[in-house]
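Everything on this sheet refers to the single structure shown next.
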Amino acid sequence: MEDRIERITEQSGIDAETRINQYTELLGSINPEDGESLSRFASKMLSIAYGRTTAKPVINALLDYVESKSPMATQVGVLERLVEELQPVLASFEEQEMKARELLAVCFQNQEEYGRAAQVLQEGLNIGGRRLLGDGKRFSILVQIVRLYLETGQTERAEVPLSRAAILRPKVEKLDPAIDIHFRLSQARILDANRKFLEASAKYHAISRESVILEDDRMACLTQAIVCGVLSPAGPARTQNLHRLHSDDRSRQLPLFGLLEKAYYDRLLLPADVEAFKKYLSPHHLAIGHDGATILSSAVAEHNVQSMSKLYRNISIKDLGNILGLPDVAKAEGYAAKMISQNRLAGKINQVEGIIYFRSVLDEEDGTDPHGQDEEEGKDPIVRTKLLYDYANGDLYGRGGGEVVLREWGNNLHDLCNELEQLASDITASGFKA
């Protein structure tokens with residue numbers, strides 16, 4: 001075979017196109033299962049002096065031939081050897097070297113060796129001096145690397161290429177919609193894995209509205225948005241996010257809607273609710289945190305603390321622990337203290353008395369603090385439609401000057417109408433007749 005290549009190379013009186021066709025015909029005569037002969041053919045082509053212009057299309061033909069005709073094991077051997085032999089002449093064969101890496105990554109991916117596939121691509125991008133690889137191609141490869149690392153569960157290794165892709169994304173002149181969806185979905189998955197559930201929920205919800213993906217995939221993203229929304233830290237930001245999800249008419253089609261509604265309306269989540277919720281969770285949602293509790297149990301405990309704050313003006317720490325199912329009252333106090341200190345719950349803890357005082361909506365509107373002290377006597381509560389709890393400055397009774405409008409009478413009426421409408425729909429659906 002090497003002799004035939006030399007004869008074609010030394011043949012005079014023929015143009016480059018004819019020479020390339022003769023090389024390609026020789027390539028087609030090689031058994032596609034004979035990896036050794038294919039590799040020798042590539043090595044000989046790369047060794048031709050002053051023949052790189054001719055060798056490029058032949059190497060491209062070799063890559064196509066191996067991809068379409070050779071078995072997987074042969075492909076891996078030929079491509080690995082080709083990538084290695086292209087390194088000394090990378091400046092002339094940059095495009096071919098990257099294509100060989102991409103084909104090799106596909107082989108590893110088909111063999112479910114996702115880590116090796118990601119490594120092959122990442123090594124290719126890390127080679128300095130690449131001139132022909134445009135921003136769009138780099139972005140596409142980076143997104144592929146992220147997805148491969150996520151398949152292996154190596155979230156931390158996926159973060160670096162994801163950050164590089166995020167920097168590169170604005171520079172891409174024309175984004176491929178499918179690749180961009182994969183990029184955004186990878187962002188959501190990494191936020192989810194890093195327990196940034198509020199941000200992950202917003203990402204999943206935004207993706208669920210994209211028309212370029214299939215309906216089943218959109219509903220799957222909406223389900224993940226609800227899961228992350230319920231698991232996110234209890235507080236105003238979570239409530240606002242749950243409101244968006246609850247207002248999405250598609251949510252009513254999901255089995256999770258009942259739990260979403262309970263979470264949105266700050267109703268107590270019971271053990272049966274939690275058990276039903278578990279089947280929608282991934283292993284990392286059930287991981288044990290630094291406090292010895294699972295992510296799920298902590299999220300449910302915080303939600304139920306917030307739920308209690310809507311029902312009671314005050315509660316003993318012991319009773320709160322019983323409601324949360326925590327025999328250790330210190331843990332119940334810890335949940336409430338954490339939420340108050342992070343401005344996610346309006347309240348105070350009297351450790352001497354063992355009582356938690358909540359600052360409720362009605363307390364704010366009638367100007368009375370939980371200890372029975374009138375804050376603004378003579379004020380008409382209907383006129384004072386703003387709540388004065390300052391979440392930014394941690395001022396429980398609104399004396400910090402950073403007024404935040406938490407709820408207005410119109411919003412209360414709107415929520416009440418929604419509940420009545422849902423109740424009427426449920427009654428009609430049940431076939432009840434007066």
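So in full-length UniProt numbering, the last one in the sequence shown is 434, and the numbering has no gaps at all. Glycine included, C-beta positions come from ideal geometry on N, C-alpha and C.
1) Answer yes or no: do A299 and L231 have a C-beta to C-beta separation smaller than 9 Å?
2) Looking at the structure shown, is K338 part of a helix, part of a strand, or coil, going by DSSP?
3) For A234, tell me which candidate among V146, S341 and D426 has the shortest Cα-Cα distance.
4) So which of H303, H243 and R250 has the shortest CA-CA distance to P271?
5) Would the stretch 205 to 215 and the stretch 143 to 163 be scored as touching if the rule is three or more Cβ pairs under 8 Å?
6) Does the stretch 143 to 161 come within contact of the stretch 126 to 135, defined as at least 3 CB pairs closer than 8 Å?
7) Decide if the stretch 101 to 117 is in contact with the stretch 65 to 78; the criterion is three or more beta carbon pairs, one per stretch, under 8 Å apart.
8) When we look at the beta-carbon of D3 and count the other beta-carbons within 10 Å, is it buried (16 or more) or exposed?
9) What does DSSP give as the partner residue(s) for I356 in the beta ladder?
10) Can you find the residues in the same chain that come closer than 7 Å, C-beta to C-beta, to Q144, ignoring five residues on each side of it along the sequence?
11) Within a Cβ cutoff of 7 Å, which residues of the same chain sit near R101, ignoring the five residues on either side of it in sequence?
12) Does the distance from the C-beta atom of V76 to that of L38 stay below 9 Å?
13) Just the C-alpha distance for E333 and N350, rounded to the nearest angstrom, thanks.
14) Looking at the structure shown, is T152 part of a helix, part of a strand, or coil, going by DSSP?
15) Taking 9 Å as the cut-off, decide whether the C-beta atoms of L268 and L260 are in contact.
16) Under the rule that 16 or more other beta-carbon atoms within 10 Å means buried, what is H285, buried or exposed?
17) Helix, strand or coil, according to DSSP, for E408 in the structure here?
18) Rounded to the nearest angstrom, what separates F277 and D217 at their Cα positions?
19) Residues in the same chain with beta-carbon distance under 7 Å from residue 438, minus the five sequence neighbours each way, listed in chain order, please.
20) What residue from V227, A42 and K56 has the CA that sits closest to L296's CA?
21) Considering only residues of the stretch 204 to 280, which uninterrupted alpha helix (DSSP H) runs meet the minimum length of 4 residues and lie entirely inside it, listed in chain order?
22) From what residue to what residue does the alpha helix (DSSP H) around L132 run?
23) Rounding to the nearest angstrom, what Cα-Cα distance links K331 and A287 in this structure?
24) Report the three-state DSSP secondary structure of I288 (helix, strand or coil).
25) What's the C-alpha gap between L324 and H182?
26) In angstroms, rounded to a whole number, what distance separates the CA positions of K99 and L132?
27) Quick one: is D374 buried, meaning 16 or more other Cβ sit within 10 Å of its Cβ, or exposed?
28) Near L320, which residues of its chain fall below 6 Å by C-beta distance, leaving aside the five closest residues on each side in sequence?
29) Below 8 Å on the Cβ atoms is my contact criterion, and I expect L103 with L63 to pass it. Report the Cβ-Cβ distance as a whole number of Å.
In this structure, then:
1) yes
2) helix
3) S341
4) H303
5) no
6) no
7) yes
8) exposed
9) I315 and I349
10) L121
11) V83, V120, L121 and G124
12) no
13) 10 Å
14) coil
15) no
16) buried
17) Since pLDDT at E408 reaches only 44, below the 50 mark, its modelled position is unreliable, and the value read off the structure follows with that caveat. Three-state DSSP puts E408 in coil, outside helix and strand.
18) 20 Å
19) For residue 438 there is no data in the structure shown, the boundaries of the chain being 1 and 434.
20) V227
21) 215 to 231, 236 to 247, 257 to 264 and 271 to 278
22) Neither: L132 is in no alpha helix (DSSP H) and is coded neither H nor E.
23) 18 Å
24) strand
25) 39 Å
26) 12 Å
27) Caution is warranted here: a pLDDT of 42 is assigned to D374, below 50, making its placement in the model unreliable, and the coordinate value is therefore given only provisionally. Classification for D374: exposed.
28) A332
29) 6 Å
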